[in-house]
Ligand SMILES: NC(=O)c1ccc[n+]([C@@H]2O[C@H](COP(=O)([O-])OP(=O)(O)OC[C@H]3O[C@@H](n4cnc5c(N)ncnc54)[C@H](OP(=O)(O)O)[C@@H]3O)[C@@H](O)[C@H]2O)c1
């Protein structure tokens, strides 16, 4: 690591660089977009609700001349929307330096995405899996490009049930479904990093997690929302592992960054370890295959 108390002041100039941050109307995504825009990147606020996206973009613009933020519609729970977003982006931009796969839902009641996927795996993993594929050619043709996937310490409890990926045969456990979606983010990071590396592509793929950060993520849990008051760090701290993963020069593909404090709940960013199961290459490949099958999107690296 470069230094003990790395913070957003350490983000280097991002002039001429283009970044997409999914789910950046609020929370960690908003803060990530704000910092990158203030460091002169062109930032795409990719959101499912354009009204909220415009409010966020105006907040970022307020008081800062020359920040370049654009709002674009992206609903990760709808593969047609993911496809349309990527097509629209590619019409307007010829490079992509940073893809920050940040958007997420946690502990909602059972529902399915437009394509029939369980909502948390569908949004947190499968939507980003499809989005990344649509944008990969552009990322690979952009020098020093990176993909950052947001996971969670909750990945430690993830254990994907491939026989019932969308919880159609079991009683729904919303917590377990979130944990599974977050270990899926790690499998995807490691597997894509392996595949890019094997094919001599230089785009880095990195994972990060924000510890416990007080955001709207806890909206479906009154208890966690209340506990935010005691344990949640603010989003300026919560965004640091993602920002470090996105911009620092000592970051390597398949690295994982999180807060350095007790149980990785809070603190300045450091390199962290995901659990043993997340390193299982057979499971990662299986998830990859099934993700290609259900999204009907082939990577063909
Ligand atoms: N906060 C934490 O303590 C914590 C801990 C571990 C991991 N994380 C991870 O950090 C990431 C960011 O979470 P956060 O804490 O910043 O949560 P947040 O404040 O709830 O923000 C989540 C963002 O994702 C967006 N989103 C949800 N479903 C979407 C969809 N279908 N299509 C497009 N965007 C969608 C939300 O949009 P709307 O505003 O329209 O709902 C919002 O912009 C997530 O991946 C989460 O799993 C957070």
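Residue numbers (my numbering): 7 to 307.
Glycine included, every Cβ here is placed at the ideal spot set by N, Cα and C.
Since we're looking at a predicted model, the values are computed, not measured.
- Closest option to residue 79, judged by alpha-carbon separation, among 69, 253, 71 and 93: 93.
- Residue pairing by DSSP puts residue 107 in a beta bridge opposite 155.
- Considered as a whole, the region 55–81 harbours 56–67 as its complete alpha helix (DSSP H) runs of no fewer than 4 residues, in chain order.
- For residue 87, the secondary structure class from DSSP, reduced to helix, strand or coil, is helix.
- Boundaries cannot be given for residue 303, as no beta strand (DSSP E) includes it and DSSP labels it neither H nor E.
- Taking a 10 Å sphere around the C-beta of residue 18, we find fewer than 16 other C-beta atoms and assign the residue as exposed.
- Look at residue 214 here: in three-state DSSP terms it is strand.
- In this model, residue 168 and residue 215 are separated by some 24 Å (Cα to Cα).
- Closest by C-alpha distance to residue 54, out of 87, 185, 38 and 96, is 87.
- The way I'd put it, the region 126–134 doesn't touch the region 41–53; fewer than three beta-carbon pairs between them come closer than 8 Å.
- Non-local C-beta neighbours of residue 275 in its own chain, meaning closer than 6 Å and more than five positions away in sequence, comprise 12, 246, 247, 250 and 263, ordered along the chain.
- About 7 Å separates the beta carbons of residue 154 and residue 107, which is inside the 8 Å limit, making them a contact pair.
- DSSP places residue 47 outside both helix and strand once states are collapsed to three, so it counts as coil.
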